[in-house]
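Visitor: Take the position in the sequence shown, starting the count at 1, then add 19; the result is the number in our numbering. Dropping a structure here in structure tokens format, bear with me for questions.
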Amino acid sequence: MRKKESSIEMANVMEKTLSQAIAERRATPSFDDSHVPDDDLKKILEAGLQAPSGYNMQPWRFVVVRSEEQKRRLRAASFNQAKVEEAAAMIVACGDADGWRNGDIEEMLRLGREGGMPENYAEQAKINIPNYLSNHPNFPMWLNRHVMIAFTHMMLMAEVLGYDTAPMEGFEEERVREVLKLPLSYHVVALLGIGHLKGSDKFYGGRFSMARTVFAEEYGKPLKI
Ligand SMILES: Cc1cc2nc3c(=O)[nH]c(=O)nc-3n(C[C@H](O)[C@H](O)[C@H](O)COP(=O)(O)O)c2cc1C
């Protein structure tokens with residue numbers, strides 16, 4: 020565990036495997052006053068930015084809140100949840116509804132070309148993406164699905180690095196928007212608290228069985244594995 024060690028010492032600490040991180044992760048009820056070094060925060064953020072997205076459009080945006088003053092304001096916008104102020108870092112995960120209109124397509128194509136995107140794909144994408152997004156039957160769902168994949172990458176990377184995390188949907192979007200001075204095109208999707216657990220962890224709430232949640236081939240047929 021990385022708890023309360025310097026970043027130099029931490030470099031030698033074994034990361035958890037993904038299986039361990041998934042098994043051990045709990046929604047942290049309370050954080051102690053330890054910090055997240057910049058190197059680790061960067062790894063966590065970069066893990067999120069590596070998430071997949073439709074057409075590689077990456078509509079996610081994140082605001083990292085670490086100052087005491089901003090955390091206090093964010094807490095007030097989050098139904099006074101104490102862990103918002105206790106966390107070493109709060110990552111506010113947003114989706115930008117207008118990114119694709121404001122240069123994201125061009126940037127996606129620039130990066131793609133660097134990686135070998137064929138020119139005929141790029142030309143087609145310039146037409147297809149605006150068509151697809153301007154006629155999307157459920158655009159908030161489209162945004163949300165991408166932001167949450169990146170969010171989950173970050174949460175699990177933080178756990179792999181030995182941190183504790185708290186995902187949160189308990190906030191008032193308009194108040195968060197005001198605190199963070201977000202543009203109107205930004206939707207606030209979820210908050211992620213990162214730090215180290217204070218006290219004991221919450222109980223394990225259990226998970227629904229595969230029989231209840233997983234089907235084979237079509238709805239209602241049990242998967243036999
Ligand atoms: C998107 C999302 C939003 C959540 N919002 C809150 C929240 O606002 N406050 C809170 O205390 N817990 C919140 N939780 C934590 C859940 O209550 C917790 O994940 C669930 O009870 C299962 O517990 P576990 O994650 O420890 O297994 C949220 C979890 C998710 C995934």
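For each residue, glycine too, the CB sits at the ideal point set by N, CA and C.
Could you pull the start and end residues of the beta strand (DSSP E) that residue 210 belongs to?
Guide: 205 to 214
Visitor: Taking the continuous beta strand (DSSP E) assigned at residue 84, which residues delimit it?
Guide: 79 to 84
Visitor: Report yes if the C-beta of residue 50 is less than 8 Å from at least one heavy atom of ligand 1; otherwise report no.
Guide: no
Visitor: Reducing DSSP to helix, strand and coil, say where residue 123 ends up.
Guide: Assignment of residue 123 by DSSP, reduced to helix, strand and coil, places it in the helix class.
Visitor: Please confirm if the stretch 64 to 72 is in contact with the stretch 157 to 170, defined as three or more CB-CB distances below 8 Å between the two stretches.
Guide: Two segments are said to touch when three or more pairs of C-beta atoms, one from each, lie closer than 8 Å; by this definition the stretch 64 to 72 touches the stretch 157 to 170.
Visitor: With 16 other CB atoms within 10 Å as the buried threshold, where does residue 203 fall?
Guide: exposed
Visitor: Looking only at its own chain, which residues have a Cβ that is under 8 Å from the Cβ of residue 108, when we skip the five neighbours before and after it?
Guide: 55, 60, 83, 84, 85, 212, 213 and 214
Visitor: Any idea if residue 160 is buried or exposed, counting beta-carbon neighbours within 10 angstroms, 16 or more meaning buried?
Guide: Exposed, by the Cβ-count rule.
Visitor: Could you tell me the alpha carbon to alpha carbon distance between residue 131 and residue 80, rounded to whole angstroms?
Guide: 20 Å
Visitor: I think residue 66 touches residue 176, with their Cβ atoms under 8 Å apart; what is that distance to the nearest whole Å?
Guide: 4 Å
Visitor: Helix, strand or coil, according to DSSP, for residue 176 in the structure here?
Guide: Residue 176 falls in the helix class under three-state DSSP.
Visitor: Can you tell me whether residue 114 is buried or exposed? The criterion is at least 16 other CB atoms within 10 Å of its CB, across all chains shown.
Guide: buried
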